[in-house]
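J.: Have a look at this one before I ask anything.
Numbering (my numbering), first residue to last: 2 to 463.
This is the structure we're talking about:
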């Protein structure tokens with residue numbers, strides 16, 4: 002008896018009640034989906050889907066067929082616990098389709114080719130997108146609660162899809178292989194099944210390895226055409242993404258403040274109050290003894306902080322900024338006809354086009370290192386190394402000031418500008434326990450728009 006005769010017999014068998022007709026529908030839809038998936042997989046194995054557009058089309062169709070097969074199989078799982086039994090019973094011979102169903106994801110997500118030419122490789126934005134997707138998956142798994150299979154499969158699929166886009170950086174991620182294995186395991190479960198607590202913790206542990214591997218990959222030279230903001234071809238991928246973002250922003254106060262230029266005066270007001278609270282005696286003593294005070298403006302952008310704040314309190318200010326066109330705007334402004342109210346004897350001296358991850362400040366030059374909205378672009382290990390370099394070269398009585406966005410807990414990755422917003426607790430641990438600095442003062446910025454992140458200031462001593 003051939004497969005079509007078997008199916009016809011099945012249709013005759015379930016032609017009575019509504020329940021029987023529904024059952025027949027599940028059988029026939031599963032049968033049709035398996036046949037279609039088999040043809041799709043055969044075409045993929047023969048290299049029919051060769052272009053990026055073809056592969057995307059394959060991926061979309063494959064995901065849809067896997068979902069349809071699983072849905073219909075769940076409805077008849079009592080009779081056919083394993084999909085192989087259904088295939089064998091009706092002599093379908095859909096070996097490729099069964100393999101794909103057991104894997105639970107398209108072949109493009111399972112097998113990374115890693116063979117794209119450097120000129121065709123995607124931007125560093127894909128790396129941050131992948132990190133964000135994995136962190137989102139981790140957040141889903143971190144909560145101690147019942148997690149149903151249907152709830153976790155989409156975040157897992159999205160994370161695997163994001164990782165596929167960075168195959169040229171890390172073609173053999175250990176964490177990715179474990180995620181593929183989890184996809185196969187979940188594929189064999191009913192959509193209403195839930196992970197046990199032990200499974201949830203094991204899954205989270207396996208996924209946790211992947212960001213670590215990505216962070217390491219981000220420290221490798223970027224496999225792309227270098228940014229106009231840097232002549233250094235060894236700029237790591239993570240930092241190259243941030244430079245690319247700022248290279249495309251308007252070189253104005255409004256541009257560097259994301260369209261919130263009106264908060265500049267409020268920002269400067271609270272920065273001045275905080276500086277005086279932390280270093281008021283040092284500032285007064287320097288003024289009385291006519292000692293030159295020098296500050297370093299880190300992540301200086303167009304020089305807004307130097308112009309509106311630091312040059313009012315320090316005789317000399319150096320600026321360090323990785324984006325060439327922002328730094329050029331700062332230089333034109335601060336070395337051009339003076340339009341601001343800071344003392345005429347105060348001046349911007351040095352302009353360094355360099356990222357903080359590699360910048361080494363001049364020994365014994367600075368009384369203050371001011372880092373505002375720049376620490377969020379540094380990976381933890383680079384932030385620690387930078388802070389330690391700064392602490393080692395401060396003048397006696399000098400301090401490091403950090404002013405950054407803070408989230409409520411943990412950290413949040415922004416793939417648009419390749420930044421990491423950390424929580425207050427995370428920052429304190431990073432600055433003190435890990436970098437070895439002493440927290441002298443901290444305060445929240447007041448009166449910023451409610452839709453923005455909270456902003457917190459930190460005064461640190463060596």
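Ideal placement from N, C-alpha and C gives every residue a C-beta, glycine not left out. Only a predicted model underlies this, so the values are computations on that prediction, with no experimental measurement involved.
What is the rounded straight-line gap between the Cα of residue 161 and the Cα of residue 110?
T.: The residue you call residue 161 lines up with position 160 of the chain shown. The residue you call residue 110 lines up with position 109 of the chain shown. Between residue 161 and residue 110, the C-alpha separation is close to 6 Å.
J.: What distance in whole Å lies between the Cβ atoms of residue 142 and residue 204, which are believed to be in contact at a cut-off of 8 Å?
T.: Locating residue 204 in the chain shown gives position 203, counting from the first residue. Locating residue 142 in the chain shown gives position 141, counting from the first residue. Sure, about 6 Å apart at Cβ, within 8 Å.
J.: Taking the alpha helix (DSSP H) that residue 342 belongs to, which residues open and close that run?
T.: Looking up residue 342 in the chain shown gives position 341. That residue, residue 342, is in no alpha helix (DSSP H); it is neither H nor E in DSSP.
J.: Measuring straight from C-alpha to C-alpha, what distance separates residue 387 and residue 356?
T.: Residue numbering aside, residue 387 sits at position 386 when the chain shown is read from its first letter. Residue numbering aside, residue 356 sits at position 355 when the chain shown is read from its first letter. Cα atoms of residue 387 and residue 356: separation of roughly 10 Å, rounded to the nearest angstrom.
J.: Between which two residues does the beta strand (DSSP E) containing residue 401 stretch?
T.: If you number the chain shown from 1, residue 401 lands on position 400. Where residue 401 is concerned, the enclosing beta strand (DSSP E) stretches over 395–408.
J.: Can you grab the Cα-Cα spacing for the pair residue 97 / residue 185, in whole Å?
T.: Sequence index remark: in the chain shown, residue 97 carries index 96 (1-based). Sequence index remark: in the chain shown, residue 185 carries index 184 (1-based). The alpha-carbon atoms of residue 97 and residue 185 are separated by roughly 14 Å.
J.: Going by DSSP, which residues form a beta bridge with residue 449?
T.: Looking up residue 449 in the chain shown gives position 448. According to DSSP, which records beta bridges pairwise, residue 449 is partnered with nothing at all.
J.: For residue 120, is the classification buried or exposed, using 16 other Cβ atoms within 10 angstroms of its Cβ as the cut-off for buried?
T.: Within the chain shown, the letter at position 119 stands for residue 120. Here the model assigns residue 120 a pLDDT of 33, short of 50, so the residue's position is not dependable and the matter cannot be decided.
J.: Suppose contacts are defined by Cβ-Cβ distances below 8 Å. Is residue 31 in contact with residue 57 by that definition?
T.: Indexing the chain shown from 1 puts residue 31 at position 30. Indexing the chain shown from 1 puts residue 57 at position 56. When the beta-carbon positions are compared, residue 31 and residue 57 stay at least 8 Å from each other.
J.: State yes or no: is the C-beta of residue 365 within less than 8 Å of the C-beta of residue 394?
T.: Locating residue 365 in the chain shown gives position 364, where the first residue counts as 1. Locating residue 394 in the chain shown gives position 393, where the first residue counts as 1. When the beta-carbon positions are compared, residue 365 and residue 394 come within less than 8 Å of each other.
J.: Specify, as a first and last residue, the run of the alpha helix (DSSP H) that residue 275 falls within.
T.: Within the chain shown, residue 275 is the residue found at index 274, counting from 1. Unbroken alpha helix (DSSP H) run through residue 275: 265–289.
J.: Going by beta-carbon coordinates alone, are residue 407 and residue 428 separated by less than 8 Å?
T.: Here residue 407 corresponds to residue number 406 of the chain shown, with the count starting at 1. Here residue 428 corresponds to residue number 427 of the chain shown, with the count starting at 1. Taking 8 Å as the Cβ cut-off, residue 407 and residue 428 qualify as a contacting pair.
J.: With 16 as the cutoff for other CB atoms within 10 Å, does residue 79 come out buried or exposed?
T.: Residue numbering aside, residue 79 sits at position 78 when the chain shown is read from its first letter. Result: exposed.
J.: From the DSSP output, which residues share a beta bridge with residue 149?
T.: Taking the first residue of the chain shown as 1, we reach residue 149 at position 148. In DSSP, residue 149 forms a bridge with 195.
J.: Tell me the rounded alpha-carbon separation between residue 326 and residue 252.
T.: In the chain shown, counting from the first residue as 1, residue 326 sits at position 325. In the chain shown, counting from the first residue as 1, residue 252 sits at position 251. Approximately 7 Å between the Cα atoms of the pair.
J.: Between residue 448 and the rest of its own chain, which residues show a CB-CB distance below 7 Å, the 5 nearest in sequence each way excluded?
T.: Walking along the chain shown from the start, residue 448 turns up at place 447. The answer, listed in chain order, is 267.
J.: In the structure shown, what three-state DSSP assignment does residue 385 receive?
T.: Your numbering for residue 385 matches position 384 in the chain shown. In the three-state DSSP reduction, residue 385 falls in the helix class (H, G or I).
J.: With DSSP collapsed to three states, give me the class of residue 183.
T.: In the chain shown, the residue the question calls residue 183 occupies position 182. Helix at residue 183.
J.: Counting C-beta neighbours from all protein chains within 10 Å, is the total for residue 132 16 or more, i.e. buried, or is it exposed?
T.: Position 131 of the chain shown, counted from the start, is the residue given in the question as residue 132. The residue is buried, with at least 16 neighbouring Cβ atoms inside 10 Å.
J.: In the DSSP assignment, find the unbroken beta strand (DSSP E) run with residue 303 in it and report its ends.
T.: To locate residue 303, count along the chain shown from 1; it is residue 302. Note, residue 303: premise wrong, no beta strand (DSSP E); not H, not E.
J.: If you scan the segment 51–82 from start to end, which runs of the alpha helix (DSSP H) of 4 or more residues do you find wholly inside it?
T.: Unbroken alpha helix (DSSP H) stretches of 4 residues or longer found wholly inside the segment 51–82: 53–76, given in chain order.
J.: Quick check: the Cα distance between residue 68 and residue 140, rounded to an integer number of angstroms?
T.: The residue given as residue 68 occupies position 67 in the chain shown. The residue given as residue 140 occupies position 139 in the chain shown. Cα to Cα, the separation comes out at about 24 Å.
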